Structure formats: C-alpha cells, structure tokens
Amino acid sequence: GVMVLPGSGNEYPVQPGDFIVVADNAVNHRKPNIPAFDLSKADFEYPNTDNPALGQVDNPAVPNAKVIFSTMNYNMFLFHNRGFESYVIARFPQGEDEKTFLIKYKYDYEYIDSAGNIKKESAYEVPNTWIIDAVNCSIEAKFIKILTDPSLDSGWTSCGKIDSDPARFGKSVRRKIINTTADKKNLYKDTNNSTADFVKDSEPSLKNGIVH
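In case it helps, my numbering puts the sequence shown at residues 252 to 463.
Here's what the structure looks like:
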C-alpha cells in the first residue's frame, strides 16, 4: 500500500525527536473497547468512508491522508498484524507527485506459487533515493531475507516468534532511546539496522497516552 500525507511536504514538519500519529480512524477507540487508545487527536487519519459497512467516520478536526494504492479491498492501508512486511518513509523528489508516481512506477511481476502455478501481480516500486528511512519486519520462524537495500536497513525486527503468536497482541516495535535532550526530546538509535535499533515485543507508546 502507498499512503500520502497532505500538502507539499513543508506544511507539517516533524522536528528531531518528535513524532506524528497517523490513525486509520481518528476517534476515541476506548469507548467501545477499554484497552484501546484514544486517537481522536491524531495528526492524520485515513478513514475509508466509501464503504458504510466498515463503520468508519471522518474526524473533521484531523487532516486526512490519502491512500493512493492498496492491494486490500476498499482502498485501505493496513499493517500486517504479524509483521510480515517492510515499511518505508519516502519523499517525492522535485518534479514527481502522486499522479506521476502512479503512471511511471507501476511494477508488474510474476512468480511461481507453492502449487507450481504462475501468478501475475502488480505493485509499485519506490526508488531508494526517495527513501528517508525503512524498517523490515518478520518473525524468527518465517524470516528468509531482508527486502530493502542494506544501506536503508540491514536488519529486521518483530513482534512474536512464531506465526500467529498469541503473545503478539498489544505489542509493537519501538526504536531504542539512547539519550534525552535538555528539553526532554528523545534521541533514538538509528544505525540502519533494525535488529540493533528496535526493541522487539515492546509496549506501544500510545498506551502511555502519548497522542498530540
């Protein structure tokens, strides 16, 4: 999936040591589900209101991000709940935008599945020079290889050790804090090796009420 934040890239700067929260649905999820989080003050949301059956609403107080490509139904951007994917933060270079990206960077490929059938799929490729940061995710029992160039991420991180690990729920991966500045901003470890840079099976920061 490809999700684009609004604006030209200059309207919403993220300062060093700071963060943004991008919610699927920027509402208070604690009302129907006490262990959940209040995301009504997220920085961005990508609610899918095209299908009423999903029960999603648009919070007018939160700017909307746009999902410009998705392999999921209803044009949704979903994170794999067992971490079998890699994620990147990228910036369109001068002369490129979401329209040119969808035209010029479509990637058609084929592969042989476990039954020996040839499968044809389409996705989009993101040039390495566009990528600001990347993280590979896997689990120990299923890891095969990293999907990014080692200069972007030479390792991987995870929640759980086996496929559908019951211990994965309520967990996240969080970048390690190596120091804190005088104005209480965290300094994070970033060696482009997620194996060393992240804390596996970590408590989500949102559990501490950290929402702007």
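Don't be surprised by glycine CBs; every beta carbon is placed ideally from N, CA and C. Just so we're clear, the structure is a prediction, and the values are computed from it rather than from any experiment.
Cα-Cα separation, alanine 316 to valine 253: Reading the sequence shown from its first residue, position 65 is the one you call residue 316. Reading the sequence shown from its first residue, position 2 is the one you call residue 253. Across the structure, alanine 316 and valine 253 are spaced so that their CA atoms are roughly 10 Å apart.
Assigned secondary structure, leucine 438 (DSSP; H/G/I helix, E/B strand, else coil): Within the sequence shown, numbered from 1, the residue matching residue 438 stands at position 187. In the displayed model, leucine 438 falls within a strand according to three-state DSSP.
CB-CB length for asparagine 459 against serine 402, believed under 8 Å: One-based indexing of the sequence shown puts residue 459 at position 208. One-based indexing of the sequence shown puts residue 402 at position 151. In fact, because the Cβ distance is near 33 Å, the residues do not count as touching under 8 Å.
Delimiting residues of the alpha helix (DSSP H) encompassing lysine 292: Residue mapping note: residue 292 aligns to position 41 of the sequence shown, counting from 1. Careful: lysine 292 lies outside any alpha helix (DSSP H) and carries neither H nor E.
Under the three-state DSSP convention, the category aspartate 416 falls into: Mapped onto the sequence shown, residue 416 falls at position 165. In the three-state scheme derived from DSSP, where H, G and I count as helix and E and B as strand, aspartate 416 is classed as coil.
Residue environment, isoleucine 354, which counts as buried when at least 16 other CB atoms sit within 10 Å: The sequence position of residue 354 within the sequence shown is 103, counting from 1. The residue is exposed, with fewer than 16 neighbouring Cβ atoms inside 10 Å.
Where glutamate 296 falls, given that 16 or more other Cβ within 10 Å makes a residue buried: Position 45 of the sequence shown holds residue 296. It counts as buried.
DSSP beta-bridge partners of arginine 426: One-based indexing of the sequence shown puts residue 426 at position 175. Answer is Phe449, bridged to arginine 426.
Alanine 385 burial status per 10 Å Cβ neighbour count (16 or more: buried): Here the question's residue 385 lines up with position 134 in the sequence shown. It is buried - the Cβ of alanine 385 has at least 16 other Cβ atoms within 10 Å.
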